[in-house]
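FYI, the numbering for the sequence shown is 3 to 271, going by my numbering. Beta carbons are placed, not taken as given, at the ideal position from N, Cα and C, and that holds for glycine. Before any comments, here is the structure.
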Amino acid sequence: MTRLFATRISSFSDADSVFDGYQRRMTEILQKTIPYDALADVSLPGIGPMDKNDWVLVDDAFAAQMSERERLLAERREEVVAVTAGAEEACAELLDAVLSALESRADYQVGPSVKRPDGRRVVVDENDPLGTLCKLVQQDFCVLEKRGDEHVMTAAVLCFPASWTLEEKIGKPLIDIHIPVSEYDANIARRVQRLFDGIRVGKPLWRKNAHWYLEPDLFHPRRENAPRKQEVEGNYLRSERQSLVRLPKSQAVIFGIHTFVLRREDLPA
């Protein structure tokens, strides 16, 4: 399973093909390359500095992933977008931050509408910042804001969940978001909370994870109480390049998820 800070390289058997009432449309959307060593071993939380110009990535699966994102937004919006009361300011600030990042890229043209690298134009809807973001970039975004002593997921656009559901995690603090990740114990929870508290504006961070799957589907929801098996090594490596960015006004931490899925034979030797 994949959460904000689950890192262990694992594999998922066909128990994962049972979606607890979620209908799955199998679509093979794959990258041929990945810009980091997904299989290199790291210990939790596995964080490093990220160049701010690398926040938004564009890869060889851009057009296909964006088409799938727009389909999910149109057909299953309630499963891929959630905003809790009070998170509107952070969502609006996030949209502004992403648009600012896109202005520095040669493959985007930013104005009242945005021309994407695939030529598609997207109207910027300030009344629907997360829906707009869903159509602009490959990345998913989780908005985490400090509530008391913990950061809570107050909003998200999550088209490509890796064995979790937005419905079960929205409005939850970090430690509950990571249920049922066994290695995410109280010690790790304290370390991650200190990390979130220490993220500075203009000093973004990144990490990665990697999991083997039997199937390549990007929309892969899974409930917390669903049976999980890890005996079978699939032929698809799913890796997330995850980013952590502090917004200056709302002070929200933005957890970005750029999903790569590659066939085993396409991985570097």
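By the Cβ-count criterion, N189 is exposed, with fewer than 16 other Cβ atoms from all chains shown falling within 10 Å of its own Cβ. About 18 Å separates the Cβ atoms of E70 and I36, ruling out a contact at the 8 Å cut-off.
Residue pairing for H260: DSSP places it in a beta bridge opposite R243. Between P206 and V263, the gap from beta carbon to beta carbon reaches 8 Å or more. If the five residues before and after A63 are omitted, its C-beta is found closer than 6 Å to the C-beta atoms of I31 and Q33, all from its own chain and listed in chain order. If you look at M52, you'll find it isn't in any beta strand (DSSP E); DSSP assigns it neither H nor E.
When the Cα atoms are used, R266 and N237 turn out to be separated by approximately 5 Å.
Closest by C-alpha distance to V85, out of L176, V112, D130 and L239, is D130. Here V125 is exposed. Its C-beta has fewer than 16 other C-beta atoms within 10 Å. If you draw a 10 Å sphere on the C-beta of K210, you find 16 or more other C-beta atoms in it, and that means buried. E235 and Y215 have their C-alpha atoms roughly 7 Å apart.
According to DSSP, residue pairing for D142 in a beta bridge involves I259.
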